[in-house]
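Below: the structure, in structure tokens.
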Amino acid sequence: MAEPNLDQMEKIRDVVAQDLLGGRIELLLGWEKGHYWWQSRPLFAHSKEDLEKLVWDSFCAVNLSRYLLDELKDHQKVGVLVKGCDARAFNRLLQDNMVERDRVVLYGLPCPGMLDYDRLAAAAESAPDGITEQNGRVILKTARGEVEIERDAVLMDKCKDCLYPDPVVYDQLLLEPQGEREAPERFKAVGDLENLPDNERFAYWEKELSRCLRCYACRQACPYCSCRECFVEQENPRWQGRAYQPSENFLFHLVRAYHGAGRCIDCGECERACPVGIPLQELNRKLTKDINELYGHYEAGLDAELEPPLLTYRPDDPAAFSEK
Amino acid sequence: MSTALNETSAGFEPLIVAFCCNWCSYAGGDLAGTSRITYPANVKVIRVPCCGRMNPMFVLRAFQRGADGVLVAGCHPGDCHYSTGNFHGRRRLSAFKRLVEFAGFEPDRFEVRWISSSEGDKFAEEMEAMTAKIKALGPNGKMRDARWQSLT
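Keeping their order, the protein sequence lines are chains E and H. The numbering of the first sequence is my numbering, which starts it at 1 and goes up by one. The numbering of the second sequence is my numbering, which starts it at 1 and goes up by one.
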């Protein structure tokens with residue numbers, strides 16, 4: 001079992017219960033425990049009974065802002081619990097005019113980073129039965145006794161390089177802010193790949209992408225993929241073939257990543273949702289890195305008022321091709 | 001078409017797809033023609049309204065269906081018929097070129113050039129240069145759709 005921090009839980013539940021039962025919001029998006037103790041899945045709370053299930057623990061990785069796209073169709077006003085990445089995802093949707101700010105109430109939850117089950121299991125050297133946390137350390141209960149590890153060592157990939165654990169937009173901040181983080185290794189994997197010869201890099205991607213099932217879970221989880229009709233489902237022209245073909249996989253992944261150029265908030269939901277573990281963040285970060293280099297530093301989702309770099313230009317822009 | 005499709009017994013003849021802006025580069029190609037300046041028949045020109053119209057899927061589709069190299073040609077920055085199309089195009093195509101290279105394509109496979117309607121000679125030169133570069137690189141197998149056979 002995962003033991004949530006009871007004080008924090010109490011505080012969160014009190015605030016959202018007041019708003020939900022008081023009628024300020026019709027629906028609350030939060031998390032509840034999934035089938036296993038190391039899963040927290042989205043909770044759609046309408047009532048007091050639903051709120052009993054609400055949890056806030058180290059497995060609430062799912063980005064809830066994305067669910068607003070559907071839920072705002074059926075509800076006038078929706079409350080959402082937002083971590084740092086959820087809040088930037090909300091800004092992303094706001095910038096794309098996919099949500100209305102005054103129909104959403106954001107409850108900010110500064111996030112300590114979510115834990116990766118595979119890393120926990122590897123550290124425990126067997127399937128752990130439960131977890132407790134204390135002062136930045138994780139204690140795993142296993143069949144052979146307790147295993148204690150540093151919390152930072154078992155963070156999810158997407159949380160390792162997180163720059164903004166605190167929500168950047170909220171109506172109410174429910175917990176103490178975590179403070180700014182640093183992510184010195186954020187572009188390391190991209191840099192390493194860039195240094196490979198072309199053919200080796202191609203072979204790397206061919207291998208990684210060959211696992212792709214084209215389930216489109218990455219798109220489904222992504223806050224920048226909010227088009228009503230996605231190019232992969234378009235029939236005329238039919239850009240995306242259905243066949244299992246390396247070239248079709250390349251087409252999908254390059255175009256998916258490119259659609260996030262200057263818009264990707266680096267929340268890592270695509271990679272987390274991927275059932276076959278394709279390093280999608282490397283494609284996203286490559287674009288972020290290049291656009292930052294060429295057109296000035298820009299962090300998507302931080303400020304909904306700032307124009308994304310590919311929607312604007314300067315007459316004296318540099319170009320990446322040999323002719324300026 | 002038969003001269004330009006990939007490897008034949010006579011040696012490698014690349015297929016190059018050039019997306020040309022209607023207002024500048026396509027007219028530049030016309031000028032090359034009316035001025036009787038020759039350029040390689042390997043280049044197949046597709047006219048687009050503006051280089052800002054370029055959908056990156058155009059480029060990837062060309063690679064899937066047999067192109068060995070893709071060139072996008074637009075008006076010089078500042079000369080766009082639609083005022084700002086090529087400014088936007090410059091940013092988008094720059095990001096896209098880097099992404100295509102990141103996926104493992106050789107940098108020469110995809111290029112962007114500015115060719116105005118008065119530059120018939122430059123049009124021919126650029127097409128010559130692109131053809132020479134792709135000839136040196138050899139056929140492109142990357143992202144080629146296995147079901148797509150060249151119609152030689």
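Just so it is clear, CB atoms sit at the ideal spot from N, CA and C, and this is done for glycine as well.
Beta-carbon contacts of Arg66 of chain E that lie in its chain and below 6 Å, excluding the five residues immediately before and after: In its chain, beyond the 5 residues on either side, Pro223 have a beta carbon closer than 6 Å to the beta carbon of Arg66 of chain E.
Under 9 Å by beta carbon: chain H residues contacting Asp317 of chain E: Among the residues of chain H, those whose CB is under 9 Å from the CB of Asp317 of chain E are Pro77, Phe87, Arg90, Arg91, Ser94, following chain order.
Per-residue contacts from Asp145 of chain H into chain E (C-beta, under 7 Å): Within chain E, the residues near Asp145 of chain H are Gln245, Ser247.
N-terminal and C-terminal residue of the beta strand (DSSP E) that Ala45 of chain E is part of: For Ala45 of chain E, the enclosing beta strand (DSSP E) covers residues 40-45.
Collapsed DSSP secondary structure at Trp31 of chain E in the structure displayed: For Trp31 of chain E, the secondary structure class from DSSP, reduced to helix, strand or coil, is strand.
Straight-line gap, Ile16 of chain H to Glu106 of chain H (C-alpha atoms, nearest Å): About 14 Å.
DSSP state of Met1 of chain H mapped onto helix, strand, coil: With a pLDDT of only 38 at Met1 of chain H, under 50, the local geometry of the prediction cannot be trusted, and the value read off the model is given with reservation. Met1 of chain H falls in the coil class under three-state DSSP.
Under 7 Å by beta carbon: chain H residues contacting Ile291 of chain E: Listed along chain H are Ala95, each with a C-beta nearer than 7 Å to that of Ile291 of chain E.
Chain H contact residues for Val168 of chain E, given Cβ-Cβ distances below 9 Å: Going along chain H, no residue has its Cβ under 9 Å from Val168 of chain E, so there is no contact; the nearest lies around 24 Å.
Contacts that Lys286 of chain E makes with chain H (C-beta to C-beta distance below 8 Å): Those are Arg98, Leu99, Phe102, listed as they occur along chain H.
DSSP beta-bridge partners of Phe19 of chain H: Answer is H:Ile46, H:Val72.
Distance between Ile131 of chain E and His46 of chain E (C-alpha atoms, nearest Å): Distance between the alpha carbons of His46 of chain E and Ile131 of chain E: 30 Å.
Cβ-based burial, Ile25 of chain E [other Cβ within 10 Å; buried from 16]: Under this definition Ile25 of chain E is a buried residue.
Close-in-space but distant-in-sequence residues of the same chain around Cys21 of chain H (CB under 7 Å, 5 per side omitted): Cβ neighbours of Cys21 of chain H within its own chain (closer than 7 Å, five residues either side excluded): Val48, Cys50, Cys51, Ala73, Gly74, Cys75.
Any chain H beta carbon closer than 8 Å to Glu271 of chain E: Closer than 8 Å: no.
Where the alpha helix (DSSP H) containing Gln8 of chain E begins and where it ends: Counting along the chain, the unbroken alpha helix (DSSP H) around Gln8 of chain E starts and ends at 6-22.
N- and C-terminal bounds of the beta strand (DSSP E) containing Thr38 of chain H: Thr38 of chain H -> no beta strand (DSSP E), and no H or E assigned at all.
Distance, Asp74 of chain E Cα to Ser2 of chain H Cα: Interpretation of Ser2 of chain H is limited by its pLDDT of 39, a score under 50 that renders its predicted location unreliable; no figure is taken from the coordinates.
Terminal residues of the beta strand (DSSP E) in which Tyr313 of chain E lies: Where Tyr313 of chain E is concerned, there is no enclosing beta strand (DSSP E), given that its DSSP letter is neither H nor E.
Limits of the unbroken alpha helix (DSSP H) element including Leu60 of chain H: Here the alpha helix (DSSP H) through Leu60 of chain H covers 56-64.
Listed by chain order, chain E residues near Leu15 of chain H by CB distance under 8 Å: Contact of Leu15 of chain H with chain E by beta-carbon distance below 8 Å is absent, the smallest such distance being about 16 Å.
Cβ shell of Phe252 of chain E (< 8 Å), same chain only, five flanking positions each side left out: Taking C-beta separations shorter than 8 Å and ignoring five residues to either side along the sequence, the partners of Phe252 of chain E in its chain run Cys212, Arg214, Val232, Gln240, following chain order.
Proximity test, Cβ basis, 8 Å: Leu60 of chain H and chain E: Yes, contact with chain E.
Any non-hydrogen atom of the ligand PLP within 7 Å of Lys286 of chain E CB: Of the ligands one can find in the structure shown there are none, so the ligand PLP has no counterpart to examine.
Ala61 of chain E classed as buried or exposed, judged by whether at least 16 other C-beta atoms fall within 10 angstroms: Looking at its Cβ environment, which holds 16 or more other Cβ atoms inside 10 Å, Ala61 of chain E is buried.
Cα-Cα separation between Met130 of chain H and Leu99 of chain H, rounded to whole angstroms: For Met130 of chain H and Leu99 of chain H, the distance between alpha carbons rounds to 20 Å.
Beta strand (DSSP E) runs wholly inside the stretch 39-94 of chain E, at least 3 long, in chain order: You should have 40-45, 78-82.
Within-8 Å CB hit, Leu251 of chain E to chain H: Taking Cβ atoms only, chain H reaches closer than 8 Å to Leu251 of chain E, which makes this a yes.
Proximity below 8 Å, CB of Asp317 of chain E to CB of Arg91 of chain H: The answer is yes: Cβ separation under 8 Å.
Beta-carbon spacing of Pro308 of chain E, Arg256 of chain E below 8 Å: In this structure, Pro308 of chain E sits away from Arg256 of chain E, with a CB-CB distance that is not shorter than 8 Å.
Touch test, the stretch 79-98 of chain H against the stretch 38-46 of chain H, Cβ-Cβ under 8 Å, three pairs minimum: Put simply, the stretch 79-98 of chain H does not touch the stretch 38-46 of chain H. Fewer than three CB pairs are less than 8 Å apart.
C-beta neighbour in chain E for Phe105 of chain H, strict 8 Å: So, interface residue.
Three-state secondary structure (DSSP) of Leu99 of chain H: In the three-state DSSP reduction, Leu99 of chain H falls in the helix class (H, G or I).
Inter-stretch contact at 8 Å, needing at least 3 Cβ pairs: the stretch 132-148 of chain H / the stretch 112-123 of chain H: With a cut-off of 8 Å, the stretch 112-123 of chain H and the stretch 132-148 of chain H do not count as touching, because too few Cβ pairs lie within range.
Local conformation of Gly141 of chain H per DSSP, three classes: Gly141 of chain H falls in the coil class under three-state DSSP.
Proximal chain H residues relative to Asn199 of chain E, where beta-carbon distance stays under 8 Å: In chain order: Gly104.
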